[in-house]
Amino acid sequence: MNFIDSIKICFVKYVDFSGCASRPEFWWWVLFTVVASLALRSVSYNLSGAFSLATFLPSIAVAARRLHDTDRSAWLELLYFLPVVGWIILIIFWAEPGKPNRYAAM
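Going from the sequence shown to this note's numbering is simple: count from 1 and add 6.
Structure representation (structure tokens):
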């Protein structure tokens, strides 16, 4: 999966929390949001804030689908609220390869 396809899929599945997301889809999305946010911040903080707000739900959705691909519940995204330790655990989960799981048929 390439960069453009990943971004298109994430916007098409704007708030779709079911199914799975591959590693490339997730990490291309993360790269896109970080780079675009930094670029827009150099232009205007308000523009960067609007972009972050517009990509907030798709980011949560693709992270949930990525956790599904590793056969984990999307509720594990709540680990984000545990500073540092939770973030490290989530990054490890997101970096793992996908495996056959119960969410793929959804």
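For every residue, glycine included, the Cβ atom is placed at its ideal position computed from N, Cα and C.
So, are the CB atoms of residue i and residue j less than 8 Å apart?
| i | j | result |
| --- | --- | --- |
| SER12 | TRP35 | yes |
| PHE32 | ARG72 | yes |
| PHE23 | ALA80 | yes |
| LEU84 | PHE99 | no |
Among the options, which has the Cα closest to the Cα of residue i?
| i | options | result |
| --- | --- | --- |
| ASN107 | ALA60, ALA70, ASP75, ILE97 | ASP75 |
| LYS14 | ALA110, PRO64, VAL40 | PRO64 |
| VAL21 | VAL68, ARG29, PRO30, THR39 | VAL68 |
| TYR86 | PRO30, GLY55, ILE66, GLU102 | ILE66 |
| TRP38 | ASP77, SER54, ARG78 | Note on identity: in this sequence residue 38 is Phe, with Trp being the wrong assignment. For the residues ASP77, SER54, ARG78, the minimum Cα distance to PHE38 belongs to SER54. |
| GLY25 | ARG78, ILE98, LEU96, LEU84 | ARG78 |
| PHE62 | ALA110, MET7, LYS19 | LYS19 |
Within 10 angstroms of the Cβ of residue i, are there 16 or more other Cβ atoms? Answer buried if so, exposed if not.
| i | result |
| --- | --- |
| ALA27 | buried |
| ALA70 | buried |
Is there contact between the stretch 84-92 and the stretch 39-49, where contact requires at least three CB pairs shorter than 8 Å? The stretch 84-92 is not in contact with the stretch 39-49.
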